[in-house]
Each structure stands twice: as structure tokens, then as C-alpha cells.
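Below is one structure, written out as C-alpha cells; the observations come after it.
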Amino acid sequence: MVRPAFLKLAILSLTSIITLFVSFVLISHEQVTWWTKNGGYWMVFATTVAFAWFFIQIVRKEWRDGFSFSRHRLGVITIIICSVFLHLHEPHRFKILFDEYVLLSNSLRMHTHREVFITGRAHYINSHLQLQQGFVDKRPYFFSFVLSMVHDLSGYRPANAFILNGIFTVILTMLMYALCWQIGGVRYGCLGVLLLTAIPLVAQNATGGGFEIMNAAMLLLFMTAASYYLKQNDDKGLNFFISTAVLLAQTRYESILYLLALAFIVLVKWISRREVSMNWFSACSPFLLFPPLLTNQVILSNRGFWQLSDPEITAFGLEHFVPNIHKALLYLFNYEEVWTNSFPISTLGVIGLVFMFVYLGRHFREMFSNPGFVLVFYSTLLVMIINLTLLMTYHWGQLDDPMVWRLSLPLHLFFILSIIRVLKEFFKNRRLPNIFFLLIIVYIIGFVVPANAEHEITDGYVSSREIHWASEYIRSETTEDTLVIAESSVPIICHMRASTPMYLLNKRLRHLQFILEHRIYQEVIVLQRFKVKHETLEEIPLGREGHIRGILHKGIKLETIKEFRVRPHIFSRISRVVGVNEADVEKEIELLKEVGETWEKPTGFEGELEFLLHAIKMNP
2 MVRPAFLKLA
12 ILSLTSIITL
22 FVSFVLISHE
32 QVTWWTKNGG
42 YWMVFATTVA
52 FAWFFIQIVR
62 KEWRDGFSFS
72 RHRLGVITII
82 ICSVFLHLHE
92 PHRFKILFDE
102 YVLLSNSLRM
112 HTHREVFITG
122 RAHYINSHLQ
132 LQQGFVDKRP
142 YFFSFVLSMV
152 HDLSGYRPAN
162 AFILNGIFTV
172 ILTMLMYALC
182 WQIGGVRYGC
192 LGVLLLTAIP
202 LVAQNATGGG
212 FEIMNAAMLL
222 LFMTAASYYL
232 KQNDDKGLNF
242 FISTAVLLAQ
252 TRYESILYLL
262 ALAFIVLVKW
272 ISRREVSMNW
282 FSACSPFLLF
292 PPLLTNQVIL
302 SNRGFWQLSD
312 PEITAFGLEH
322 FVPNIHKALL
332 YLFNYEEVWT
342 NSFPISTLGV
352 IGLVFMFVYL
362 GRHFREMFSN
372 PGFVLVFYST
382 LLVMIINLTL
392 LMTYHWGQLD
402 DPMVWRLSLP
412 LHLFFILSII
422 RVLKEFFKNR
432 RLPNIFFLLI
442 IVYIIGFVVP
452 ANAEHEITDG
462 YVSSREIHWA
472 SEYIRSETTE
482 DTLVIAESSV
492 PIICHMRAST
502 PMYLLNKRLR
512 HLQFILEHRI
522 YQEVIVLQRF
532 KVKHETLEEI
542 PLGREGHIRG
552 ILHKGIKLET
562 IKEFRVRPHI
572 FSRISRVVGV
582 NEADVEKEIE
592 LLKEVGETWE
602 KPTGFEGELE
612 FLLHAIKMNP
């Protein structure tokens, strides 16, 4: 007779093989896109429900076992003050373009259609915004899923992204406190939260609309769940650990690597206790990995997702390693410019990590014979190092780039944990001196507050300011009777305005002419970017990243409404479309005839319904 443990182990192996085979062999790229779009929401929904169920079970158990908030009173006060502080000085706006608006767009589609899909074209039809043409994106969508749940509760609004990150800021500080408390007690927990607050990078991301704060929180929750699992003798801890790891894998691209730490920690516990312990949920849990694995396939199916500026450049290569290492050191240990790093924490963090590796050599056997938080720390740290190494080999892995700063956040978390561990080992049973609290508070007041108050970090990223300026105009000065033309229509649609991408309109001048003549929209406006040539003062239209998609057809006649200076000699302009060159329309029609597409200019309609149907067809 087969023992139940080995039967479950066999089922775990089988479900793992099936999941990998289906994800990488059986399903084609087209099928991956279809399954992600139509099934992604429900797969993440299932994992989230399982996670919530196991979490509630653990909370109830801990409450029954006599958990007390009274001994954590100082910690609670510190968490509240620091969480509020992180949101006081930095402006709440979408900062990382195109990423944050894509996440918001995905959440909108999940909210309205339960689909994982980015809307690239939208039109108002009978006062209802129809989300139309778009694409399945490369980004994991757990953040978008949770954001869609916020929309479900409160109604859709872009500001919900900031509310969600505010919630995860509190969760992040709570988990940092919990882990540091686990190392050394309440005082160490409070110090860990203060160190987290002293990193401007945290405030910048906490006030944005991206998934970095959620990813950081999920990483700390992963470590917390792992520690809980190692202390327990039942399967509830394992179920909670697995569901947390799966959700972490669905938060950021590289976070799937932490499944390696999951497997290692579980294996060490089984070996140390000489027992394979799991239930049926654990045995079948590989099926929950379909979303991140299918997302990986979406990335592989489209070379454009790698954002390569030159076809000759490889996405990953050793030639990127040395330059990226140099720029990483420049970022982490910079103290002259206003960046999001923290020189003291980076310096102390590196010293702490060196100490931890020395500590590992002295306590290596103990870590395996009596697995606990030390095993969790080193297992997770190893995966983070692997992740960081891969980043250093990536063509866009320069940490001194404002777009890449955020990728160093997991490293900063380990800096803090290492500092706390070193202090605990140094002082042993003695109380942590108040001098450390005084120094970190002085550093926050003297350096962090001025850096955040000047907004140099956020305002220095000009693309963010540019789209914020355009979004504010669109939100306050336009209505549903306005059609917005832009290089990327995604941010516009997120603000619930009709929009179509510029490249698409350029190929449909006859459609634009119909809209203007029949007043389908009261107003059609265009967002453009220009560069003033020094020699001739000529205005040259610019597309982002050198794309021709951002250059409007010359046959479209414009009237300037408003301008915004992005930087010297580069500005954005909002213009009103006042007409279309008839000769260009006729030329377009002739080109279409060559490929067999006929066109007759519509003149009259039998009724309102016929006109409406044609108008829908003519929306570019």
C-alpha cells in the first residue's frame, strides 16, 4: 500500500510537470494571449481567495493563542507616524511611464470586463465609453487585480491607485517591524521602520501608481510566512506560505525566482524532520502558477517588450555587467546629487551583508539542523542576489537611471534587515542605545525631508511632469464630447476620455474628416512634443524613444491651445484639430483602391440609427 505522503509527493511532481508542459510546450503564443486575456483574472482570483482563507485561519489561531497588541504599542505608533510621513511630501501622481498607466488600464478592464487587457482605443457611444482595440501586456497583473477590487468597492477612479499604495505602505512598514522584531524585539522593530522611512526611494514609489511597494510588501510577507511555516507542525503554515509565494510571483516579472527559495525552505524542513508533510492543496498548488508562466510566454512572443533601442543589442549579456555594476555603485553610494538612495543605509547595509556572510560560515550547520529565520533570510537573500545579477546583465539595468531606481528596493530591504541583525549580535543582551534612534531621526529631518520637500526626485523626471500636465488639462478642460489624439492613448483612456493613437489616425484621414464634418465629437485635440532646432528655430515634431508613432500627419490642420516647456528647446503642445487637407484625403483613398478597398464619401442617411452605426464604424 502506497503511503499518503508519497502519494501527495507524486501528485506534486505530476502537477508540476503538467504545468510546465502546458505553459511552455502545449500552448501556442496565440493561445497564451487568449488564455491570459480571458482566464487570467479568474486564475488570480482563485489564488487570492485561497490566500485570504489561509490568512484568516492563521490570524484566528494566533488570536486564540493570546496575541497581544499592548506590548507592541510603541511599534504601532512608529508604524502609523512613518506611514503617514512617507505620503506627506512627495506628490501623488503617476511617475513611471508607461508602466503605471498600463497597470491602471489593466485594472479598468478587469473592473469592467474581467479581462487582462490594455485598451489602446476608446470612443464614447451614446454617453458610454466603449473600450475597444488593445493588447495583452507583459506585466504581471496581481497589482491590477487588487486595484480592480478597489474599483469594485468604490467605483473607478485613477486616484484609487494611490489609495492602494497607501494601504500597502502601511502593510510594508508593519511587516518590516514584524521581521525586525523577530530579530531583536520591539526597539529593533521600530528602528527597522525608521530606516525604511529614511530611504527616499520608498516615499517616491509609495506616492506613485506602480507595483513596487506591493512587491516589497509581498517579499517581506513571503519571509514572514516562511518563518511561520518553519515553526508550525501542521499544513496550514505551508498552505499560507505557498499561496503567498504564488502571489509574489505574480507581482513583478523577476519575483517568480523566489519560488526557488520556497522549494529550498520546504525541502530543508522535510529533511530536518525526516518527514514529507503536505496536504492536497499543496500537492496541486503548481496549477496556480499558470498566470506568471503564461505572462513569461507573452514576453517571449513579442521582441518589442524587451524595449531594445538597437536590434543588434541583446536583452541579456555579459557585456552589460561591468558598466551596470559601475552605475549601481554610483547610485547606491552617491551623496552629492538628490537621488532616491540613502548613502548611510547603503554603506551600513553592505557592512551588514558582509557580516551576515561571515555569520553564515560560523552557523552553517545550525541553520539546517534547526531551521528558522536565519534559513529564511539566507535563502531569500540568495535569490535576491541572483535577481540582482540578472539585472546587471540586462541592457537596461543601469541603477542610476530614474526609471531603474525602483528595482533596487528589494536590495534596500535586505540592507535594513542586515543592519538590524548586526546591531542585535553586537549588543547581544544589552539594550539598543537611544543614540541610534536619535541619529536616524536627525538624518530624516536633516536630509530626507528637504529632498522630498523640493520634489527634485519626482519633478526631475520630465516625462512624468509632461503627462501629468496633459492629464490635468484633459481632466479639467475636456468632456466626453472630446476626442484626444496622442502618441499613446492609454493614459488618456485611463482618465475616461475618448482617445485613439496617433499612428492609427494618420492612416485614417477620411475617418477624421467625417468626424469633423458631422460633429461626432464637439472637439478633437492632439497632444504633441516638439524640439526647437537651434540653428533655424524650426519646430521639429518628436516621438518618444525615436518612434514615428508620435509624429502627426501633415495633412491635419491644427490650432494651438496650450503649451508646456518640458526642458530647454523641448515642449509639449495641445492643439485643436480644425480641418483636414482634402488633397491628402483623396491621396489616401487612391492608395486604398490599389489594395482593393473601395471608398465613397457618405452624404446622407435614412435615419438616426443608420447614422449612428456608420459613425461607430468611422471612429478611428
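Residue numbers (the numbering used here): 2 to 621.
All C-beta atoms in this analysis are idealised placements derived from N, C-alpha and C, irrespective of residue type, glycine included.
Fair warning: this is a prediction, and the values are worked out from it, not measured in the lab.
- A direct Cα-to-Cα measurement between GLY350 and HIS413 gives close to 8 Å.
- By the criterion of a C-beta distance shorter than 6 Å, SER228 is surrounded in its chain by PHE374 and VAL377, once the five residues flanking it on both sides are discounted.
- The segment 56-64 makes no contact with the segment 315-323, as fewer than three CB pairs between them are under 8 Å.
- Excluding its 5 nearest sequence neighbours in each direction, VAL405 has C-beta neighbours in its own chain below 6 Å: GLN399, listed in chain order.
- Residue pairing by DSSP leaves GLY551 without any beta bridge partner.
- LEU197 sits close to VAL203, with the two beta carbons spaced by under 8 Å.
- Rounded to the nearest angstrom, the Cβ distance from PHE212 to ARG253 is 6 Å, consistent with a contact under 8 Å.
- Its chain contains PHE241, PHE242 and THR245 as the residues whose beta carbon lies nearer than 6 Å to that of ALA226, once the 5 sequence neighbours on both sides are disregarded; these appear in chain order.
- Cβ-Cβ distances below 6 Å link HIS90 to ASN453 and ALA454 in the same chain, with the five nearest sequence neighbours on each side left out; the list follows chain order.
- In this chain, GLY580 is not harboured by any alpha helix (DSSP H); it is covered by the beta strand (DSSP E) spanning 571-581.
- With contacts defined as CB atoms closer than 8 Å, VAL463 and VAL567 qualify as a contacting pair.
- Shown here, PRO542 sits in a strand according to DSSP, grouped into three states.
- Secondary structure of HIS129 (DSSP, three-state): strand.
- For PRO502, the enclosing beta strand (DSSP E) has its first and last residue at 499-502.
- In the structure shown, THR315 adopts coil according to DSSP, grouped into three states.
- The C-beta of GLY210 has 16 or more other C-beta atoms within 10 Å across all chains shown, which makes the residue buried.
- Looking at the DSSP output, GLN529 bridges to ARG574.
- Comparing alpha-carbon positions, the option among TRP340, ARG115, ILE446 and GLN134 lying closest to PHE86 turns out to be ILE446.
- Under the DSSP assignment, ARG568 falls in the beta strand (DSSP E) whose first and last residues are 557-568.
- Residue nearest to LEU258 within the set ARG274, LEU290 and ASP235 is LEU290 (criterion: CA-CA distance).
- With a threshold of 16 other beta carbon atoms within 10 Å, LEU192 meets it and is buried.
- Relative to VAL26, the option among LEU294, HIS535, LEU221 and GLU595 whose CA is nearest is LEU294.
- Around the C-beta of ASN127, fewer than 16 other C-beta atoms lie within 10 Å, and the residue is accordingly described as exposed.
- For VAL85, the enclosing alpha helix (DSSP H) stretches over residues 74-86.
- If you draw a straight line from the Cα of ALA218 to the Cα of GLY40, it comes to about 26 Å.
- For VAL45, the enclosing alpha helix (DSSP H) covers residues 30-65.
- By the neighbour-count criterion, in which a residue is buried when 16 or more other Cβ atoms sit within 10 angstroms of its Cβ, PHE22 is exposed.
- Annotated three-state conformation of THR394 is coil, per DSSP.
- Excluding five sequence positions before and after THR479, the CB atoms of its chain that fall closer than 8 Å to its own CB belong to VAL485, ARG498, GLU524 and ILE526, given in chain order.
- The Cβ-Cβ distance between ILE562 and ILE571 does not fall below 8 Å.
- Distances from the CA of ILE314 to each of GLU276, VAL267 and TYR395 were compared; the closest alpha carbon is that of TYR395.
- The closest CA to that of LEU392, considering only THR381, TYR379 and ARG407, is found on ARG407.
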